[in-house]
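In this note's numbering, the protein residues as written are 7 to 487.
Encoded structure:
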């Protein structure tokens, strides 16, 4: 079956496509900007059609030859006219689906009772479902509340607020109940709805096993992220507009996106008509948060080739503000020596060799670590040149090593966050490049203060280290000629 995916450049779309491919579907993606799909590892396995749902001709072309469709778009980022644009897009798609004879449309909408008063955003989500269902094509509307996964709008707002602010004044909506669902569960539900042809039209309410207030969700996030309990002080004077401006100030989310989202959070969104959607146990909220906080490999950054099986992890098409804060310092040193010499040079790091310059600064750092109960530099290293995964190197732990190619160390010093130091070799026409990367994932406000307070020392230490490693490798390569 050939399936059309609208919104493949979005959060859910980018994660559902590889699952469709694994299930044996042929996939066509409709995208206004096809270049946004270039980083996805599955790009070469799908057909991409450039078009806009607001243009009836391009919609008709995209739908032609398909048997089913996933409708995963919304216009919230367009500003105050988003409801009008969503209405036009849904009407165009309804007409094109009928002309093409689609067997089914699966639409991802918003959870909430039909007879309740909702925000403009949530009302628009329900209206789009009604427009699609009013056509000749059978429609399954999957309604979900907060989706828990790296890159989800609601989750990223919750993440940013909780991590940055240990004390915050909040609107009354922090005590509104909702039923969050893990992203891997919603993806499975969408695939099950696509495969089910037993009903001409139905609404599936999708919620996880926990009914929680947003305040409780933030406290659980703080626990899973290793943060202290947050102090939340509800203030009735915070209107949705003021709340969205406040969120835009302290989080990376744009205010025009945050405002309709905040307005939607005032509505209680819980499952009122439970149904057996899929034959598996839904993920508890705490476990979903834990998965969303994990990164591959080793908790630092997702390898895009592994992202298909990790829907809660960052994806290459996610906006720049998603995925949490990770600070990075990267140095690239071109050399005229071989990869084996570069690997020899950086695999000697620590112990008796030291850190290729400014060793006094590293000794001071080790002493400070011991004073606060850390391991310091006293562990040294097992062998002067050999490294094995899992062994200690001073106050580092070898997390990954590929002989002749790369080495990644994870810091075990006392830090308000998690730190990694990695070296990689990239072959070139004249030799090889040394790529040295330092990552730091801050924990709360203290972690951010720590990184910025060491910004100037890092600007001295890291370039010097990379330069000395490259020089040592070239010297060894010259001696071996």
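Glycine included, C-beta positions come from ideal geometry on N, C-alpha and C.
Asked                                                                                                                                                          : Found
Please give me, in chain order, every unbroken run of the alpha helix (DSSP H) with length at least 4 that falls completely inside the stretch 79 to 132.      : 88 to 106
Which residues bound the alpha helix (DSSP H) around residue 54?                                                                                               : Here residue 54 belongs to no alpha helix (DSSP H); instead the beta strand (DSSP E) covers 53 to 56.
Going by other Cβ atoms of all chains shown within 10 Å of its Cβ, with 16 needed for buried, is residue 157 buried or exposed?                                : buried
Across which residues does DSSP place residue 211 in a beta bridge pair?                                                                                       : 149
Please list the terminal residues of the continuous alpha helix (DSSP H) segment that includes residue 27.                                                     : 19 to 28
Could you check which residue in 115, 21 and 34 has the C-alpha nearest to that of residue 79?                                                                 : 115
Give me the Cβ distance between residue 224 and residue 238, rounded to the nearest whole Å; I'm assuming they're in contact under 8 Å.                        : 7 Å
By alpha-carbon positions, which one of 394, 416 and 398 ends up nearest to residue 408?                                                                       : 394
Starting from residue 412 and walking both ways along the beta strand (DSSP E), at which residues does that stretch end?                                       : 412 to 417
Given a threshold of 16 other Cβ atoms within 10 Å of its Cβ, counted over all protein chains shown, does residue 147 qualify as buried or as exposed?         : buried
Going by the CB atoms, is the gap between residue 233 and residue 488 shorter than 9 Å?                                                                        : Within the shown structure, residues of the chain are numbered from 7 to 487, placing residue 488 beyond reach of any answer.
Going by C-alpha to C-alpha distance, which of 272, 136 and 207 sits closest to residue 181?                                                                   : 272
Can you determine whether any heavy atom of the ligand ZN sits closer than 8 Å to the C-beta of residue 339, and answer yes or no?                             : The model depicted lacks the ligand ZN and carries no ligand whatsoever.
Just reading off the beta strand (DSSP E) that residue 167 is part of, what are its end residues?                                                              : No beta strand (DSSP E) holds residue 167; the alpha helix (DSSP H) holding it covers 159 to 170.
Examine chain C for any beta-carbon lying closer than 9 Å to the beta-carbon of residue 182, and answer yes or no.                                             : Absent here is chain C; the protein component of the structure consists of one chain.
Where residue 302 and residue 376 are concerned, what is the direct C-alpha to C-alpha distance, given to the nearest angstrom?                                : With a pLDDT of 45 at residue 302, under the threshold of 50, the modelled position of that residue is not reliable, and no figure is offered here.
If I'm right that residue 108 touches residue 69 with Cβ under 8 Å, what's the distance once you round it to whole angstroms?                                  : 7 Å
Quickly, what does DSSP pair residue 478 with across the bridge? List them, please.                                                                            : Answer is none; residue 478 lacks a bridge partner.
Is residue 349 helix, strand or coil when you go by DSSP?                                                                                                      : helix
Starting from residue 195, trace the alpha helix (DSSP H) both ways and give me its first and last residue.                                                    : 189 to 201
Taking the DSSP output, what are the residues bridged to residue 276?                                                                                          : DSSP lists no partner for residue 276.
How would you call residue 35, buried or exposed, if buried means at least 16 neighbouring beta carbons within 10 angstroms?                                   : buried
Evaluate contact between the stretch 441 to 451 and the stretch 327 to 345, counting only Cβ atoms and requiring at least three cross-stretch pairs below 8 Å. : yes
Output the distance between the C-alpha atoms of residue 142 and residue 287, rounded to the nearest integer angstrom.                                         : 34 Å
Please name the residue in 128, 199 and 349 whose C-alpha comes closest to that of residue 472.                                                                : 349
Just the Cα atoms here: how many angstroms apart are residue 450 and residue 164?                                                                              : 13 Å
Mapping DSSP to helix, strand and coil, what is residue 443?                                                                                                   : strand
Would you mind stating whether residue 76 and residue 48 have Cβ atoms separated by less than 9 Å?                                                             : no
Taking only the alpha-carbon atoms, compute the straight-line gap between residue 352 and residue 17 and give it to the nearest angstrom.                      : 38 Å
Nearest by alpha-carbon distance to residue 456: which of 423, 440 and 465 is it?                                                                              : 423
Compare the beta carbon distance of residue 106 and residue 62 with 9 Å and say whether it is the shorter of the two.                                          : no
For residue 483 and residue 391, which I take to be in contact (beta-carbon distance under 8 Å), what is that distance rounded to the nearest angstrom?        : Wrong, their Cβ atoms sit about 16 Å apart, outside the cutoff.
If I follow the unbroken alpha helix (DSSP H) through residue 6, where does it start and stop?                                                                 : Any question about residue 6 goes unanswered here, given that the chain covers just 7 to 487.
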